[in-house]
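Engineer:
Numbering (this note's numbering), first residue to last: 0 to 144.
#1: When burial is assigned at 16 or more other CB atoms within 10 Å of the CB, is residue 80 buried or exposed?
#2: Classify residue 64 as helix, strand or coil using the three-state DSSP reduction.
#3: Over what stretch of residues does the alpha helix (DSSP H) that includes residue 132 continue unbroken?
#4: Please list the terminal residues of the continuous beta strand (DSSP E) segment that includes residue 41.
#5: Taking only the alpha-carbon atoms, compute the straight-line gap between residue 137 and residue 96 and give it to the nearest angstrom.
#6: Go through its chain and collect everything with a Cβ distance to residue 114's Cβ below 6 Å, but skip five positions before and after it.
#7: Taking residue 85 as part of the beta strand (DSSP E), name the residues at either end of that continuous run.
#8: State buried or exposed for residue 77, treating a residue as buried only when at least 16 other CB atoms are found within 10 Å of its CB.
#9: For the beta strand (DSSP E) that residue 114 lies in, which residues bound it at each end?
#10: Per DSSP, what are the beta-bridge partners of residue 121 in this structure?
#11: Could you spell out where the beta strand (DSSP E) holding residue 27 opens and where it closes?
#12: For residue 70, is the classification buried or exposed, using 16 other Cβ atoms within 10 angstroms of its Cβ as the cut-off for buried?
#13: Since residue 127 and residue 98 should fall inside the 8 Å C-beta cutoff, what is the C-beta to C-beta distance between them, to a whole number of angstroms?
#14: Can you give the beta carbon distance from residue 94 to residue 110, rounded, assuming they're within the 8 Å contact cut?
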């Protein structure tokens, strides 16, 4: 298991002991912030085996978990954040505003998603996306809490 995966498992266990029901990890926490030249080697499908492991943690500790990885979809890689709970994948958001230095290694996404996690509707911004007003404006239009 990648060191960031071991750390993520520890944080889930620790957080559940603190009575958390939602846990938010940073960008690329599952795959690690790796050089773009090896992004395709670290890319994972969603859903897939890596997602399944996090879902099992969510089931075991009765939590919603949001985590980041390099996603492989068709022949493209994307910097993606995935939300899971005890029932499986709630949804995913990929980075929209990919900086020039990352563009050779992964693609951007074009839709801004909102996810109903039961107690609230939430949106996800990844790294540079948080600097652009349309991320929060679009999420607000879609009734994010």
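For every residue, glycine included, the Cβ atom is placed at its ideal position computed from N, Cα and C.
Structural biologist: A quick look at the data gives this:
#1: buried
#2: Reduced to three states, the DSSP call for residue 64 is strand.
#3: 132–140
#4: Not the beta strand (DSSP E): residue 41 falls in the alpha helix (DSSP H), residues 38–41.
#5: 14 Å
#6: 82, 89, 90, 121
#7: Premise fails: residue 85 is in no beta strand (DSSP E) and is neither H nor E.
#8: Residue 77 comes out buried.
#9: 113–115
#10: Answer is 114, bridged to residue 121.
#11: No residue range can be given for residue 27, since it is assigned to no beta strand (DSSP E) and is classified by DSSP as neither H nor E.
#12: buried
#13: 6 Å
#14: Actually they are not in contact, since the Cβ atoms of residue 94 and residue 110 sit about 12 Å apart, beyond 8 Å.
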